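Novice: Residue numbers (UniProt numbering): 82 to 620. Using N, Cα and C, we set each Cβ at its ideal position, and we do this for glycine too. Remember, it's a predicted structure, so these values are computed and weren't measured experimentally. Would you mind keeping the following structure in view while I ask a few things?
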Ligand code: ADP
Ligand code: MG
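In C-alpha cells:
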C-alpha cells in the first residue's frame with residue numbers, strides 16, 4: 082500500500098480506549114450493538130440524502146447490513162451499504178472524539194475508580210472504539226460517494242494508518258469493518274451469539290441471497306400495541322436508547338386529529354448524570370421520523386427541560402418527507418406534536434403513580450424534575466402538583482390531596498417546614514406546638530422546595546403556610562397569652578434591647594411546647610434554611 086499514512090489517535094481517544102478496555106470487559110458484547118447502530122445510522126443518512134438527490138444511491142442501490150463470520154481465521158466482518166466515509170471523515174471520525182466536555186468527563190472517571198464508572202461510560206456511548214474490547218486488530222474499508230475507497234487499520238491505543246485501497250472501489254458505497262478477534266472473544270463467531278445481540282431494528286433488512294433475513298418485522302412503533310410484547314418494547318428501547326437497563330415505563334400510542342403521528346415514549350430506569358445542566362448539547366433522546374424515514378434527533382428543546390429525561394420515537398404523517406432540519410423546527414405540526422408528547426408523558430407518569438413501588442423508584446430518579454415542572458410549566462402545574470409527594474409528620478410520603486383530606490376542621494392552610502432532612506425537621510422546635518395539637522406538617526427537604534412554593538403557593542384551593550415564618554397560626558387562648566405577656570414583659574423588653582442587632586422582634590407565642598425559644602423568620606423574610614441554600618449557591 083504505497084499511499085499509507087500513519088496518524089496518532091487524539092489523546093482523549095487513547096484514554097477512552099484504555100477506560101473501555103479496563104472497565105467494560107464484562108459487557109464486551111456491546112461492541113456489536115455499537116457497530117450495528119453505526120451501520121444503521123449510516124444507512125439512515127444515505128436514505129435521507131436520496132430523498133433530495135436521486136443519484137445518491139447510484140453506486141449501490143441496496144440498503145443493508147450483513148454480518149459475516151470466518152471461524153477459520155477468527156475474523157468477524159460487519160458490512161453496511163450506508164453513506165460511507167471520505168478519507169477526511171475517516172481520519173476525523175475514527176481518530177478523534179468530537180463530543181465537547183470529553184476531557185473533563187474522562188478525568189472524572191479516571192479519578193473516581195468506582196463501580197459506577199461502567200454506568201457512566203455506558204451513558205457516554207462508547208461507540209466505535211468499543212471494537213477493541215474484542216479485537217486486537219481492526220480494519221475498516223469505506224467508500225463514500227465523494228471520494229475513493231480507503232482502508233483504516235489499527236491495533237488500538239496509539240496509532241492508526243489510512244491508505245487508498247489498491248483493490249479499487251470494490252464496495253460501491255458503504256463501510257466494511259473486519260475484526261480480528263482476541264482469543265477470549267472467539268465465541269462471537271458463533272451464529273447464536275450474534276443473533277442474540279442483533280437488535281430488532283427499524284426498517285433495515287439483510288437481504289443478500291442465501292443470507293438470512295434477520296428483521297422482517299415492521300418497525301415496532303407502527304405495529305398495534307396489542308401485538309407487541311414487553312420484551313420487544315424493552316429490547317427496542319435498549320438498542321435505540323443505548324441503555325443496558327430496561328426502561329421503567331413506556332407508552333405507545335397513535336395520535337389522531339389535529340395532527341397524526343405514532344409514538345413510543347419511554348422513561349429510563351436511571352437519570353443520566355447532569356440531567357439538569359445539559360442544554361447546549363443534543364441529547365438525541367427524541368428520534369424524529371416522517372413516514373418511517375429517519376429525519377433527525379438533533380433537538381435542543383423538543384420537550385421542556387423538566388421532561389428532558391424521556392426517550393421517544395415519533396413518526397409523523399403530516400410533514401413532507403423532504404423537510405429539512407431547519408424548516409422542521411418551524412413546522413406548525415411540530416408544535417402540536419410537542420404538546421401531545423408532554424400531555425402523554427404526564428398521563429404515563431400519572432399511571433405509573435398508581436404503582437407505589439415503581440413510583441418510588443421513579444421519584445428517586447426524577448422527583449426533582451416534577452418539581453421543576455410545577456415551577457416552570459404554568460399550563461400543566463395542576464397535574465404536576467398531583468404527581469408530587471412529600472414526607473410529613475404523619476406519613477413517609479403523602480400527596481397534597483391526601484394531606485388536604487386529613488386537614489383538621491378549622492385548619493385553612495397546608496402547614497409545612499423546610500430543612501435539609503426529615504430527621505432534622507422532626508426535632509425542630511417550629512413544629513412542636515402544631516404536632517402537639519394534632520396538626521400534620523409537610524416536610525420539605527429538597528433545595529427546590531422553597532422555590533416550588535414561591536411558584537405554586539397553593540393547591541386544591543388551599544394555600545401553603547410555612548410555619549417557621551411569621552406569627553404562629555395556631556388558635557390561641559387569648560386570656561392565657563395576655564397573662565403570659567404581662568408576666569414576662571420585663572424579660573421580653575430586656576431581650577428585645579440586647580438582641581436588637583440580630584432580631585426584629587421578641588414575642589410570646591404558643592408555637593412551642595418543650596423548647597424554650599425559636600428563631601422565626603418574618604412573613605416576608607427568608608427562613609434559615611433558605612438562607613443557607615442561597616449562601617451555598619452564592620446567588
Ligand atoms: P457516534 O455513533 O456516537 O457518533 P461512534 O464512535 O460510534 O460515535 O462513531 C463515530 C463516527 O464515525 C460516527 O459519528 C460516524 O460519522 C462514523 N462512522 C462510524 N461507523 C460508521 C459507518 N459504518 N458508516 C459511516 N460512518 C461511520
Ligand atoms: Mg455510534
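What span of residues does the alpha helix (DSSP H) with residue 575 cover, start to end?
Specialist: From DSSP, the alpha helix (DSSP H) with residue 575 extends over 570-579.
Novice: Is the beta carbon of residue 219 less than 8 Å from the beta carbon of residue 260?
Specialist: Against a cut-off of 8 Å, the Cβ pair of residue 260 and residue 219 comes out as a contact.
Novice: So is residue 514 buried or exposed if we call it buried at 16+ other beta carbons inside 10 Å?
Specialist: Result: buried.
Novice: Less than 8 Å separating the beta-carbons of residue 217 and residue 236?
Specialist: Going by C-beta atoms, residue 217 is nearer than 8 Å to residue 236.
Novice: Beta-carbon within less than 6 Å of residue 232's beta-carbon, same chain only, minus the 5 sequence neighbours each way: which residues are those?
Specialist: Closer than 6 Å at Cβ, skipping near neighbours: 222, 244, 246.
Novice: With a threshold of 7 Å on Cβ separation, who are the neighbours of residue 87 within its own chain once the five nearest residues in sequence on each side are excluded?
Specialist: For residue 87, where only same-chain residues beyond five positions count, the Cβ hits under 7 Å are 240, 242.
Novice: What are the boundary residues of the beta strand (DSSP E) that residue 157 is part of?
Specialist: Where residue 157 is concerned, the enclosing beta strand (DSSP E) stretches over 156-161.
Novice: How is the beta strand (DSSP E) around residue 496 delimited, first residue to last?
Specialist: That run of the beta strand (DSSP E) goes 494-499.
Novice: Out of 119, 314, 187, point me to the one whose CA is closest to residue 256's CA.
Specialist: Considering only alpha carbons, the answer is 119.
Novice: Quick check on the DSSP output: the beta strand (DSSP E) that includes residue 89 runs from which residue to which?
Specialist: Looking at the DSSP string, the run of the beta strand (DSSP E) that includes residue 89 is 86-89.
Novice: Taking 7 Å as the cut-off, is the C-beta of residue 375 nearer than that to any heavy atom in the ligand MG?
Specialist: No - the ligand MG has no heavy atom lying nearer than 7 Å to the Cβ of residue 375.
Novice: In chain order, what residues of the same chain have a beta carbon less than 7 Å from the beta carbon of residue 562, not counting five sequence neighbours either side?
Specialist: Here the set comprises 589, 591.
Novice: Let's test the definition: count the other Cβ atoms within 10 Å of the Cβ of residue 89 and tell me whether it reaches 16, buried, or not, exposed.
Specialist: Per the 10 Å Cβ criterion, exposed.
Novice: Can you tell me which of 487, 333, 468 puts its alpha carbon nearest to the alpha carbon of residue 476?
Specialist: Of the candidates 487, 333, 468, the one whose C-alpha sits nearest the C-alpha of residue 476 is 487.
Novice: Compute the distance between the beta-carbons of residue 74 and residue 263, then report whether it is under 8 Å.
Specialist: There is no way to answer for residue 74, as the model of the chain reaches only from 82 to 620.
Novice: Can you check which of these residues, 157, 501, 139, 424, is closest to residue 527 by C-alpha distance?
Specialist: Selected option, being the one with the closest Cα: 501.
Novice: Return helix, strand or coil for residue 145, following the three-state DSSP convention.
Specialist: In the structure shown, residue 145 sits in a strand (DSSP, three-state: E or B).
Novice: Could you give the DSSP three-state label for residue 434: helix, strand or coil?
Specialist: Of the three classes helix, strand and coil, the one that applies to residue 434 here is coil, per DSSP.
Novice: Apart from the five residues on each side of it in sequence, which residues of its chain come closer than 6 Å, Cβ to Cβ, to residue 394?
Specialist: Taken in chain order, the residues that qualify are 302, 345, 368.
Novice: Which one or two residues does DSSP pair with residue 50 in a beta bridge?
Specialist: Only positions 82 to 620 of the chain appear in the structure, and residue 50 is not among them; the question remains open.
Novice: If you run the structure through DSSP and keep just helix, strand and coil, what is residue 314?
Specialist: Three-state result, residue 314: helix.
Novice: If distances are taken between C-alpha atoms only, which option among 137, 136, 117, 157 comes closest to residue 145?
Specialist: Checked all of 137, 136, 117, 157; the closest Cα to residue 145 is 117.
Novice: Please specify which runs of the beta strand (DSSP E), each continuous and at least 3 residues long, are wholly inside the stretch 484-535, giving them in chain order.
Specialist: Listed in chain order, they are 494-499, 523-525.
Novice: Return yes when the C-beta of residue 366 is under 7 Å from any heavy atom of the ligand MG, and no when it is not.
Specialist: It does not: the Cβ of residue 366 is nowhere closer than 7 Å to a heavy atom of the ligand MG.
Novice: When you measure from the CB of residue 191 to every non-hydrogen atom of the ligand MG, does any distance come out below 7 Å?
Specialist: No, the ligand MG has no heavy atom inside 7 Å of this Cβ.
Novice: Any heavy atom of the ligand ADP closer than 7 Å to the Cβ of residue 231?
Specialist: Residue 231 Cβ: outside cutoff for every heavy atom of the ligand ADP.
Novice: Between residue 523 and residue 495, what straight-line distance do the alpha-carbon atoms span, to the nearest angstrom?
Specialist: Roughly 8 Å between the two C-alpha positions.
Novice: Which residues in the same chain have their Cβ closer than 7 Å to the Cβ of residue 125, if we skip the five residues on either side of it in sequence?
Specialist: Correct list, in chain order: 375.
Novice: Restricting to Cα atoms, I'd like to know which of 327, 321, 190 is closest to residue 365.
Specialist: Residue 365 has its Cα closest to that of 321, out of 327, 321, 190.
Novice: Are there any heavy atoms of the ligand ADP lying less than 7 Å away from the beta-carbon of residue 209, as far as the coordinates show?
Specialist: For the ligand ADP, at least one heavy atom lies less than 7 Å from the Cβ of residue 209.
Novice: Taking just the CA atoms, how far does residue 314 sit from residue 463?
Specialist: Roughly 31 Å between the two C-alpha positions.
Novice: Can you give the Cα-Cα distance for residue 122 and residue 470, rounded to whole angstroms?
Specialist: The alpha-carbon atoms of residue 122 and residue 470 are separated by roughly 41 Å.
Novice: Could you check which residue in 210, 410, 348, 398 has the C-alpha nearest to that of residue 387?
Specialist: The option with the nearest alpha carbon to residue 387 is 348.
Novice: Closer than 6 Å by C-beta to residue 485: which residues in its own chain qualify, once you throw out the five before and the five after it? Chain order, please.
Specialist: Hits under 6 Å: 541, 543.
Novice: Tell me which residues share the same chain as residue 421 and place their Cβ nearer than 6 Å to its Cβ, disregarding the 5 neighbours each side in the sequence.
Specialist: Cβ within range, chain order: 336.
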